[in-house]
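Worksheet: one structure, shown below.
Protein chains: 2
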Amino acid sequence: MRRNKRSDGTSPTDEEIDALDAHWRAANYLAVGQIYLMDNPLLRKPLEPEHIKPRLLGHWGTSPGLNLVHTHLNRVVRNRGLDAMCVWGPGHGGPAVLANSWLEGSYSEVYPDVSRDEEGMTRLFRQFSFPGGVPSHVAPETPGSIHEGGELGYSLAHAYGAALDNPDLLVACVIGDGEAETGPLAASWHANKFLDPVHDGAVLPILHLNGYKIANPTVLARLPEAELDELLRGYGHEPLHVTGDDPRQVHRAMAAAMDTALDRIRDVQREARDGGPAERPRWPVIVLRTPKGWTGPAEVDGLPVEGTWRSHQVPLPGVRENAEHRAQLEAWLRSYRPEELFGDDGAPSARVLACVPDGERRLGATPHANGGLLRRDLPVPPLERFAVPVEEPGATRHEPTGVLGDLLEAVMDATADRRDFRLVGPDETASNRLQAVYGASGKAWQEPLLKTDEHLDRHGRVMEILSEHICQGWLEGYLLTGRHGLFSCYEAFVHIVDSMVNQHIKWLRTSRALPWRAPIASLNYLLTSHVWRQDHNGFSHQDPGFVDHVLNKSPEVVRVYLPPDANTLLSVADHALRSRDYVNVIVAGKQPCFDWLSLDEARAHCARGAGVWEWAGTEDGTREPDVVLACAGDVPTQEVLAAASLLRRHLPDLAVRVVNVVDMTRLMPHEEHPHGMTDGEYDALFTTDRPVIFGYHGYPWLVHRLAYRRAGHANLHVRGYKEMGTTTTPFDMVVRNDLDRYRLVMDVIDRVPGLGVRAVGVRQAMADARTRHHSWIREHGTDMPEVADWTWTGSGARRADAP
Amino acid sequence: MRRNKRSDGTSPTDEEIDALDAHWRAANYLAVGQIYLMDNPLLRKPLEPEHIKPRLLGHWGTSPGLNLVHTHLNRVVRNRGLDAMCVWGPGHGGPAVLANSWLEGSYSEVYPDVSRDEEGMTRLFRQFSFPGGVPSHVAPETPGSIHEGGELGYSLAHAYGAALDNPDLLVACVIGDGEAETGPLAASWHANKFLDPVHDGAVLPILHLNGYKIANPTVLARLPEAELDELLRGYGHEPLHVTGDDPRQVHRAMAAAMDTALDRIRDVQREARDGGPAERPRWPVIVLRTPKGWTGPAEVDGLPVEGTWRSHQVPLPGVRENAEHRAQLEAWLRSYRPEELFGDDGAPSARVLACVPDGERRLGATPHANGGLLRRDLPVPPLERFAVPVEEPGATRHEPTGVLGDLLEAVMDATADRRDFRLVGPDETASNRLQAVYGASGKAWQEPLLKTDEHLDRHGRVMEILSEHICQGWLEGYLLTGRHGLFSCYEAFVHIVDSMVNQHIKWLRTSRALPWRAPIASLNYLLTSHVWRQDHNGFSHQDPGFVDHVLNKSPEVVRVYLPPDANTLLSVADHALRSRDYVNVIVAGKQPCFDWLSLDEARAHCARGAGVWEWAGTEDGTREPDVVLACAGDVPTQEVLAAASLLRRHLPDLAVRVVNVVDMTRLMPHEEHPHGMTDGEYDALFTTDRPVIFGYHGYPWLVHRLAYRRAGHANLHVRGYKEMGTTTTPFDMVVRNDLDRYRLVMDVIDRVPGLGVRAVGVRQAMADARTRHHSWIREHGTDMPEVADWTWTGSGARRADAP
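Residue numbers (this note's numbering), protein chains in the order written: chain U, 1494 to 2296; chain A, 1494 to 2296.
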């Protein structure tokens, strides 16, 4: 954080308190105005029904607290010359953050029609919760925000992600006491065990206890204060309390708490950066306890409102029809003394703006909250350094994620000084075979070290915590502030962040439509330890459905890749790491897998996204194939190629085409996804009338859902995971789900007409092989040698792939 | 909890310690044996390669700690005559819990072929992590378990769910320090704010700090002890520490900690039940700090293993090939002195069994962990009391969830004494219009009460916390121990528990195949505040994809209902509340909605799951209809009926059939889902060759995924939510997603051949109506009167439904 020349902790004079209060009142006025008014914004006339919006859909409860925080952040940012941003956690905080952005001018800079005058104020009010306008939550449309206040739970993880590798940045984070009850938020408190006071910035959590959610008191607000302090100390924080409902007293207390917190942060960072002892510091947290709906109506229709859950939404619901409510609203608005706050033109007065910092220091204008402005292209080294040599398909095997690990190590290394790349994962980097990265960076860790520890590093950029939520939150915060990263995760458990990825995709979809938001690096998932290789973990670890989940979302944003081998994984990862504004889902295996394509072939194949593997089929080019064997995913590719090999041997006259799909969205109509094939392209690959036997990595019906409009859809027969999971061998998994080579050959025989009597014998041989498998596995507990040792040789199987 | 006659806290004699240690050693021996051996289980011969499993896939690290806990739970259960169960949180705890169940005999009772002798021990060893055998996690197959140890995060919430309304039950819960890093677990600590010491049992968390996850130290194990104590006190607990690596010392400390904890629990409950002050007690927590892989190999190949993450899985990986490793394994196994522990027949010795309780008090035999044994049918009152009168379709409106609230109130009331029904939700019971339940039960709350509070009740059975994870975890624990409940949730945010519901469905699928597991009550979701009515919350609150997620899962378990009005919701809810072993997803609106069906009609319609609404169409019965208008969900039903009304007016010669689908799985082939229609049934409803315009509540491609095999699939055209979300009016939402009445009429005109010139004019009128909508909404911010005030009248629209 930048150091200030003057004493950092000067307490404010009465005049400064007046100015802070004026700013706060102005923000409160604007928040109420947004909820209620569509005209007469400065109350130059008595309030009439036609000034009131026909649908009252905003939320007041949290606004005065957020306005207080913003006002006081303005003060310290300005006084101390800080680089700062704020993550606004509470739900429905839109009115407050929009009000502050409009006051400081950052709003009008990105939305010039919402100017900082009476006309702009009218627009500001009208657009709020209005059709086609802005939502009641802090959202991508809100300048200065990297966090949507709708779902709740991720503010603190986002704040930590933003602070990583931003040593000069203060990230304030307002946590509502509702949000604080969620699991992800509760776990995020421990993120301070991973924050490096040397290379990372500071996070200042501000726990706002206004006491209520929608309809209930909150758990933390009703804790005895001593118990709350124990909790926060147990989280590794030193609590600073600000409590009250008298504005001037609260302003003084808040200013003092802010100064104490920032002095403490400055000292911690100075000491760490001057080479002080590497002990984890006790970071400050501010506990702000003010009434919900503070300064709003104390009572409505005889029921208490201010300071209760009843102020959560619209405290006065009937203002358009009910004159008494309308009078109460007018009195409420006038209680802020708007005539002191806004000039004749409607612009905020100089006193209101006295605390507001300048230029990019304004919270609504910081480039950190529009991270694409700061993003630099990631230095991804040439893939040639990492590619595995492939002279013929299937002659060698590698662990694809292990090969990717070498590339990631190089990226880590190339960003050692820039520090703008992080790898996150729930304790699984090595389990997922990416351990090569430790050659370039250890794992972030600020707790005590033991002699037996390996790869832990106070300055590490690999982030491991056993929480997919925190991993995702960190990475989102990191990307949204202009950096790069990758999340490696067990395939089944990435569902833990289904809802988080929803929100991130929605964020990107909305951001892409905002010209002032610069593109950020894509959110890249490596899903491995996948459904087909959970031999010992069994059913609980078998779920390939994240792809289905993501493909429901905005096609502008989502990309799904299933590279079938090491070099295709490199090519896909290279593309993903360079890309912007996407969510890339890459599913790849960590077990040894046949190398099918050389790097050049892999690049060409990935560029097409789907293509014929001529070397694997038996077409002669003179006619349409008799059958298409398609595959997507490493295990299905192996089984399909083994099936092709069996067909080549046993039914050599059959013209078999093998198609491999890397990019699942290629299957979609091109009107529905930018990567979708035209019907002509699709038909050229899959034909319009030949049987297509498709071996797919996940739930088979996903392929139907993508391809149902295609001409050949009626001939499409998909095999995949159909929830037949258990603890067993790799080959037994494909047998149980009818994705094995023998079943695929039987599928071909069942679907290609006119194969004749020879096929009957082949079909029986395949069925016999499956029976043999069942007996073998029951006896030995391992796969039969004919599948365990099978290798591809192009013109057949190298060794016993009987029958 | 039952009281014991003798002093509860007698500390064990040396002889008792010897016996406890013998039990622990026996369990450790059996855990190691399961990981490694397939023969020679009692080491009667020197260990040879052929005794070793070909694939070593188990996990050792957590087992000695779990065995210690089980041994000492045995002791207190036996000494105090407790009713107890344990939730085993740590991953890969299978070997330990299976070992203990086999020792106490409960295993052989449910799996007689795994007898308590040498032959059974061989089977116990061989089946572990073996194809078709048992997984390395605690799982449904494990007697005494309600919790799968695979995904991690939910143990403590499950434990609280089990304790609710079980006043005499002690629920111990072992929390691994890996799991403790997850969000759901971190949030679960605060569940003690909802535990009623009068009507609920006790939860005894045992935080096991063995220091490591798969590959990293854990956050909590490396906290300074004082900071950890602050954290646990902040969670509302009093920590009791058990630390060490000397078995006898640890046995003494553990016995003392257990006694102290149980004395404290007894005192708390006695005081509360004797009418003591209603202050939330400080419940005990045991912090058990023992080495990971304790008693295993200290070093392997020169690297430290015991006490490090290297003992997580298989400490000696090469025992089949490597004679040195094999010798180390043999020495390790013999270090437990099996000859003292097992008799000649292989059965555990009397000393080993000295601490084991009898009968149903054994942790592996408690009926609470096989809750179906205790489950009683839920007293659901006759629906006639709650049904809304419907004399003609569409003449009145009700809030469906409000009507359901009356039914739930009656269920709450009917279970007031039994206390076996709970309603859970994230602070949204009233927001979801279910507030009638407060007439029969308040909301559980153990924190201080204020005068302004409403419906909070120390003994309440409505559970609200702002965490979908905790809600789900509570309910799962409650159902798995034999009770009933319903989870009401905003539709978009139920994705937060995607991964939890995966695991619960997997649990039910597996349990249904185990004859000894009795069926439990279904997990019922009410998803409301749905995608079409998030007017002010906007895009972040709009997601109907949970249905897609659930429908990927085992069809034996999943059911999805979209009742279109209040009476159908009652009928569906009645069925769901009475059902067993399902996950029922019910999507219903909370906004006023037309009443289409009387109760009798609703029952008949829901029994069919899908059917023709003759009164809404214009078929004359003499021929196939020209077009089928299908609908599923309340908003699509309204729009489809409005479209039918427009067609009746403007194209009266068109034979329109209206089909409503309540049960989405009816669309699936009957081979794939027990509710699936035969092709004959499907064709009779939807025809094989007529255009079907289907208005669906969620993502339109879901309908294709369900129906792609049907004869008429090529004619199926589905409208639904296509991620065109924003802050806007209800009608604008359907327009943006092309699900509005005008678009549906245009779809009909575009797809029915030969409609002639008149249809051209009608189509233009529809397009004009959409244009008028766009202008109106931009100007007024509300829906046009012609849609806002539209009502159905059977033979047309009652008032202006122009054009």
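Note that CB positions come from ideal geometry on N, CA and C, so glycine has one too.
Can you tell me which of the three DSSP states residue i falls into?
| i | result |
| --- | --- |
| Gly1895 (chain U) | helix |
| Met2161 (chain U) | coil |
| Pro1698 (chain A) | strand |
| Ser2022 (chain A) | coil |
| Leu2209 (chain A) | strand |
| His2197 (chain A) | helix |
| Arg1815 (chain A) | Rather than Arg, the amino acid found at residue 1815 (chain A) in this sequence is Asn. Coil, per DSSP. |
| Ile1510 (chain A) | helix |
| Ser1500 (chain U) | Reliability fails at Ser1500 (chain U), whose pLDDT of 44 lies under 50, so the model's placement of it is uncertain and no value is given. |
| Arg1915 (chain A) | strand |
| Ala1937 (chain U) | strand |
| Thr1736 (chain U) | strand |
| Ile1958 (chain U) | coil |
Find out if the Cβ-Cβ distance for the pair residue i, residue j is shorter than 7 Å.
| i | j | result |
| --- | --- | --- |
| Lys1785 (chain A) | Gln1939 (chain A) | no |
| Ala1748 (chain A) | Pro1505 (chain A) | yes |
| Lys1936 (chain A) | Glu1957 (chain A) | yes |
| Ile1668 (chain A) | Pro1690 (chain A) | no |
| Ala1679 (chain A) | Ala1746 (chain U) | no |
| Pro1893 (chain U) | Cys2086 (chain U) | yes |
| Ala1650 (chain U) | Val1664 (chain U) | no |
| Ser2022 (chain U) | Gly1643 (chain A) | no |
| His1962 (chain A) | Gly1582 (chain U) | no |
| Leu2122 (chain U) | Val2149 (chain U) | yes |
| Asp2156 (chain A) | His2168 (chain A) | yes |
| Ala2252 (chain A) | Tyr2235 (chain A) | no |
Using a Cβ-Cβ cut-off of 8 Å (strictly less than) and excluding sequence neighbours within five positions of residue i, which residues of its own chain qualify?
| i | result |
| --- | --- |
| Val2078 (chain A) | Tyr2018, Leu2020, Phe2039, Val2040, Val2043, Val2051, Arg2052, Val2053, Tyr2054 |
| Lys1498 (chain A) | Residue confidence for Lys1498 (chain A) is low, a pLDDT of 38 falling below 50, so the modelled location carries little weight; the figure read from the coordinates is stated next. Cβ neighbours of Lys1498 (chain A) beyond the five flanking positions: none. |
Beta-carbon within less than 6 Å of residue i's beta-carbon, same chain only, minus the 5 sequence neighbours each way: which residues are those?
| i | result |
| --- | --- |
| Val1845 (chain U) | Ala1515, His1516, Ala1519, Leu1834 |
| Glu1674 (chain A) | Val1712 |
| Leu1968 (chain A) | Val1917, Gly1978, Phe1980 |
| Leu1867 (chain A) | Pro1860, Gly1975 |
Checking the sheet assignment: what are the DSSP bridge partners for residue i?
| i | result |
| --- | --- |
| Lys1546 (chain U) | Per DSSP, none; premise fails for Lys1546 (chain U). |
| Val1793 (chain A) | A:Leu1796 |
| Phe2087 (chain A) | A:Arg1890 |
Take residue i and list the residues in its own chain whose beta-carbon comes closer than 7 Å to its own, dropping the five residues that flank it on each side.
| i | result |
| --- | --- |
| Pro1489 (chain A) | In the structure as shown, chain A starts at 1494 and stops at 2296, and residue 1489 (chain A) therefore has no counterpart that could be examined. |
| Ala1754 (chain A) | Leu1697, Leu1733, Pro1777, Ile1779 |
Closer than 7 Å, CB to CB, is residue i near chain C or not?
| i | result |
| --- | --- |
| Gly1970 (chain U) | Included in the structure are the protein chains U and A, with no chain C among them. |
List in chain order: all unbroken alpha helix (DSSP H) runs of 4+ residues lying wholly within the stretch 2036-2080 of chain U.
For the stretch 2036-2080 of chain U, whole alpha helix (DSSP H) runs of length 4 or above, ordered along the chain, are 2039-2044, 2059-2071.
Within the stretch 1674-1721 of chain A, note down every full alpha helix (DSSP H) run reaching 4 residues or more, in order along the chain.
Fully enclosed alpha helix (DSSP H) runs of no fewer than 4 residues occupy 1676-1681 of the stretch 1674-1721 of chain A, in order along the chain.
request  = Please list the segments of the alpha helix (DSSP H) lying wholly inside the stretch 1821-1904 of chain A, counting only runs of 4 or more residues, in order along the chain.
outcome  = With a minimum length of 4 residues, the continuous alpha helix (DSSP H) runs that stay inside the stretch 1821-1904 of chain A are 1831-1834.
Jot down the residue ranges of each uninterrupted alpha helix (DSSP H) in the stretch 1574-1656 of chain U, minimum 4 residues, whole runs only, in chain order.
For the stretch 1574-1656 of chain U, the full-length alpha helix (DSSP H) segments reaching 4 residues or more read 1587-1597, 1599-1603, 1611-1620, 1648-1656 along the chain.
In the stretch 2118-2196 of chain A, which residue ranges form an unbroken beta strand (DSSP E) of at least 3 residues, counting only runs that do not cross its ends? If we require 3 residues or more, the beta strand (DSSP E) runs fully inside the stretch 2118-2196 of chain A come out as 2120-2125, 2149-2154, 2185-2189.
Query raised in the report: Quick one: complete alpha helix (DSSP H) runs, 4+ long, within the stretch 1961-2030 of chain A?
Result: Runs of alpha helix (DSSP H) with 4 or more residues, each lying fully within the stretch 1961-2030 of chain A, are found at 1961-1973, 1991-2005, listed in chain order.
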